[in-house]
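Protein chains: 2
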Amino acid sequence: MNDPVFSRIAIIGVGLIGSSIARASAEYGAAGEVILYDASPEVRDLSAKLGLGTIAPTLEAAVSDADCVIVCVPVGAIGAVAAGAVPAMKYGAILTDVGSVKSEAARALHDAGDGRIHVIPGHPIAGTEQSGPEAGFPTLFRGAWHILTPLSGQDEAYQAATDQLAAFWTLLGAKVEAMDAGRHDRVLAITSHLPHLIAFNIVTTAFDLESVEQGEVVKYSAGGFRDFTRIAASDPVMWRDVFLNNKEAVLECLGRFSEDLAVLQRAIRWGDGDTLIREFTRARTIRKAIIDAGQDSSAVNFGRNSPEPEEDA
Amino acid sequence: MNDPVFSRIAIIGVGLIGSSIARASAEYGAAGEVILYDASPEVRDLSAKLGLGTIAPTLEAAVSDADCVIVCVPVGAIGAVAAGAVPAMKYGAILTDVGSVKSEAARALHDAGDGRIHVIPGHPIAGTEQSGPEAGFPTLFRGAWHILTPLSGQDEAYQAATDQLAAFWTLLGAKVEAMDAGRHDRVLAITSHLPHLIAFNIVTTAFDLESVEQGEVVKYSAGGFRDFTRIAASDPVMWRDVFLNNKEAVLECLGRFSEDLAVLQRAIRWGDGDTLIREFTRARTIRKAIIDAGQDSSAVNFGRNSPEPEEDA
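As C-alpha cells, this is what we get:
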C-alpha cells in the first residue's frame with residue numbers, strides 16, 4: 001500500500017466520477033480517509049450502502065477537516081458548491097473539481113476562494129456512458145489523462161499544492177498534464193464536446209424516423225448507428241452544462257463541422273466521388289494514430305466479435 | 001458437420017466480407033466447395049496463401065460450375081461483375097451480392113440477368129473497420145441480420161432458390177429477413193449510411209484543427225472522439241459507392257440531421273438548457289432498446305475498462 005497523499009479528502013457529488021475517486025482512493029491508498037457528501041439524501045444513503053466512505057450529513061461537515069476537496073458536480077453547479085464549501089475549509093487546503101469545462105470552472109472556483117485555500121481546477125479524461133454512485137469503479141482513471149489547469153500568478157505554496165494534487169491523481173493511475181484553461185476548452189470542444197453533441201443529435205434524428213420505420217432503427221443498429229448511441233446515453237444534465245459553459249468553442253467547432261458536412265453533401269448530390277474518396281481516406285490515418293498512441297484498443301469492432309459466441313451451429 | 005446447402009459457391013471479390021464468407025462456409029459446412037476470384041492478382045495470391053479456397057484464374061472459370069455466385073465488391077462495381085459472370089453461369093444458379101445499397105444492386109444484378117438464373121440481392125448487417133482478405137473471420141455473421149431483397153413477380157423456383165439462400169446464411173449464423181429494396185435503403189440510410197458520413201466528417205473537421213492543436217486531438221480522443229474514428233476507418237471506396245448509390249435516402253436523412261443540429265446549435269447559443277435536456281434525455285431510451293434487442297454489448301465503455309489493466313500501483 002502507498003503512503004496516502006492526503007490524510008483526508010472530501011468528495012462532493014457522488015456520481016460516476018465521485019464514486020470512482022472514492023473507490024480508487026481506497027484501492028490504491030491515495031487518501032487516508034474518504035468523506036463524501038451529496039445534496040441528494042437518496043444518493044447519500046446509497047453511497048453509505050455501497051461502502052464508499054464516511055458519509056457527511058452536510059457540505060460543511062464534509063469539507064471542514066479535509067486536506068483536499070474534490071467537487072464532482074455538473075459544471076453549472078460548481079459555483080454554488082464551492083461558495084458553500086470554502087468558508088468551512090481549513091487553511092491551506094486544496095479545492096479542485098472534475099468539470100469538463102475549465103474556464104468556467106476556474107472562474108466559479110476562484111470567485112468562491114478567499115485567499116486561505118488553493119484553487120486548482122482539474123479534469124479527468126475518463127468516464128463511461130453510465131451515471132450515479134453505482135456506476136463507479138476503482139480502475140476508471142488508470143491510463144487516462146488528468147488535466148490540471150492551475151491558476152496563474154500564484155506562490156510557491158500553490159505550486160507545492162499542485163504537485164501534491166498531481167501525485168494524488170498519479171496514484172489513482174492517471175497521467176497528469178498541466179494546461180491553460182482556455183486551451184483545454186478548445187481542445188476538448190473537438191475531442192469530446194462536439195462528438196457528444198453530434199451523437200445526441202443523430203439519435204434525435206433517428207428517433208423521429210423510428211416511429212415510421214417500425215423499430216428497424218434499433219434492429220439494424222449494428223450497421224454503425226449503435227457506436228453513436230453509447231456516448232449519447234451519457235448524463236443529460238452534465239452535458240447541458242458543458243455546452244452552455246463552453247459555448248464559444250463548441251459553436252466554433254460546430255460551424256466548421258457544418259461547413260465540412262456541406263462539402264460532403266454537395267459531393268453526394270453532384271456525384272463527386274473524388275472528393276468523397278479524398279476525405280474518407282484521411283480518416284484512416286487518424287484512427288491509426290489514436291491506436292498507436294494507446295488511446296483506444298486495436299481490437300476490431302470494439303471487440304464485439306470476440307470472444308466467439310458460445311452457441312455452435 | 002452440416003450437409004452443405006450448396007455443392008459449390010463462387011465468391012467474387014475477396015475483401016473483409018468475401019473472405020469471411022469463405023471462412024464461415026468451410027467452418028460451418030455450408031458449401032461443399034468454395035471458389036474465389038478477385039480482379040487483383042495480388043489479392044488472388046494472398047487468398048491462396050490464406051487457404052480461403054480454390055482460386056480461379058478468371059471470373060468465368062470461377063462461376064461456371066457454381067450453384068451460387070456471391071458478388072462481394074463495392075456497389076458501383078456490381079453491374080460490371082454481374083455482366084461478366086451471368087453468361088458463364090449454369091442454368092438455375094443463384095446470383096446474389098452483399099452490397100449495402102439494395103435498389104441499385106438489384107437494378108445492376110437484374111440488368112445482367114438473362115432469365116436462366118435467379119437474381120436474389122442480399123446484405124449482411126455485419127462488418128468491422130478493417131478491409132481486405134486478411135481481415136475476414138468465420139464468426140463475422142453469427143448473430144447478425146442478413147437482409148434479402150427478393151425481386152417481385154417471380155415463380156416458385158425463384159422462391160425455392162430464395163429459401164435455399166436463406167438456409168445458407170442461416171448456417172453461417174445469420175438471422176435472415178426479407179424486405180423491399182427501397183425500404184432497406186431508407187432504413188440503412190439512418191442506421192448505417194448517415195452514421196458513417198457523420199463519422200467521416202467529424203474526423204475531417206478534427207483533422208483540420210489537429211495541426212493547430214499540436215497532436216492533442218489524438219492525445220485526448222478518449223473524451224468521445226475515438227468512438228467515431230472506428231467506423232471512419234472503413235473502406236473509402238466501398239463508402240463512396242454507398243453514398244453515390246443511395247443518394248436520395250442519404251440526402252433526406254442528412255437534411256433532417258442538419259435541421260435537428262440547427263435546433264441544438266440555437267439552444268446552445270441562446271442558453272436554452274431545457275431544449276438540450278429534452279433532446280439528450282431521449283437518447284438514453286434508444287441505447288437501452290439497442291442493448292435489450294441484443295444489438296450491442298451492455299459492457300460499459302465498449303468494454304475498454306475490462307479486464308483490468310495488468311500493471312499495478
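Sequence order for the protein chains is A and B. Note that full-length UniProt numbering has the first sequence beginning at 1, numbered continuously upward. Note that full-length UniProt numbering has the second sequence beginning at 1, numbered continuously upward. Even glycine gets a Cβ: it sits at the ideal position worked out from N, Cα and C.
- The criterion of a C-beta distance shorter than 7 Å is not satisfied by I70 of chain B and A105 of chain B.
- As the crow flies, the alpha-carbon of E252 of chain B is around 12 Å from that of V187 of chain B.
- Within the segment 76-159 of chain A, complete alpha helix (DSSP H) segments of at least 4 residues are found at 78-85, 102-112, given in chain order.
- The straight-line gap separating the alpha-carbon atoms of M179 of chain B and R107 of chain A is approximately 57 Å.
- One Cα belongs to P121 of chain A, the other to W169 of chain B, and the distance between them is close to 55 Å.
- Nearest to H196 of chain A by C-alpha distance, out of B:I202, B:L36, B:I94, is B:I202.
- In terms of beta-carbon proximity, S221 of chain B lines the interface with chain A, with at least one pair separated by less than 7 Å.
- Neighbours of R284 of chain A in chain B, taken as residues at a C-beta separation under 7 Å, are given in chain order as A233.
- Nearest to S131 of chain A by C-alpha distance, out of B:A289, B:R304, B:R284, is B:R284.
- The segment 154-164 of chain B and the segment 267-280 of chain B do not touch, with fewer than 3 CB-CB distances between them shorter than 8 Å.
- For a Cβ distance threshold of 8 Å, residue set P195, A199, D227, F228, R230, I231 of chain A lies close to D227 of chain B, ordered along the chain.
- According to DSSP, residue pairing for E177 of chain B in a beta bridge involves B:I147.
- C-alpha of M238 of chain A to C-alpha of I55 of chain B: approximately 56 Å in a straight line.
- Scanning chain B for C-beta atoms nearer than 8 Å to the C-beta of I190 of chain A yields T205, A206, L209, E213, V217, F225, reported in chain order.
- For V69 of chain B, DSSP records a beta bridge to B:A10, B:L95.
- The beta carbon of D114 of chain A sits closer than 8 Å to those of V86, P87, all from its chain and outside the five residues before and after it, given in chain order.
- The three-state reading of DSSP puts G224 of chain B in coil, since its state is none of H, G, I, E or B.
- If you draw a straight line from the Cα of S103 of chain A to the Cα of H146 of chain A, it is about 16 Å long.
- Nearest in C-alpha terms to G84 of chain B, of all of B:T58, B:P74, B:R230, is B:T58.
- Taking N245 of chain B as reference, the option from B:H193, B:F207, B:H110, B:A206 with the minimal CA-CA separation is B:H193.
- Along the segment 261-279 of chain B, the positions whose C-beta sits under 7 Å from a C-beta of chain A are L261, L264, Q265, I268, R269, G271, G273, L276, I277, E279, read in chain order.
- Nearest to I9 of chain B by C-alpha distance, out of B:A30, B:D3, B:L16, B:N2, is B:A30.
- A126 of chain B is a Cβ neighbour of A144 of chain B, given a cutoff of 7 Å.
- In the DSSP assignment, A267 of chain A falls within the unbroken alpha helix (DSSP H) covering 247-269.
- If you look at A31 of chain B, you'll find it isn't in any alpha helix (DSSP H); it sits in the beta strand (DSSP E) that goes 31-37.
- By the neighbour-count definition (other C-beta atoms within 10 Å, threshold 16), Q295 of chain B is a buried residue.
- V63 of chain B is positioned such that its CB atom lies closer than 7 Å to that of M89 of chain B.
- In the DSSP assignment, I277 of chain A falls within the unbroken alpha helix (DSSP H) covering 273-292.
- Interface annotation for the segment 290-304 of chain B against chain A: I290, A293, Q295, D296, S297, V300, N301, F302, G303, R304, criterion Cβ-Cβ distance under 8 Å.
- Secondary structure note for A62 of chain A: its alpha helix (DSSP H) is the uninterrupted segment 59-63.
- Note on A262 of chain A: under 16 other CB atoms within 10 angstroms of its CB, so exposed under the neighbour-count rule.
- The beta carbon of R23 of chain B does not come within 7 Å of any beta carbon belonging to chain A, so the residue lies off that interface.
- Residues S298 of the same chain have their beta carbon placed closer than 6 Å to that of I291 of chain B, with the five preceding and five following residues left out of the count.
- Selection A:K219, A:L209, A:I286, A:I94 evaluated against S234 of chain B yields A:I286 as nearest (Cα-Cα).
- A Cβ-Cβ distance of about 6 Å is found for the pair P124 of chain B and V98 of chain B, placing them in contact under the 8 Å criterion.
- One finds G273, L276, I277, F280 in chain B with Cβ atoms closer than 8 Å to the Cβ of R240 of chain A, taken in chain order.
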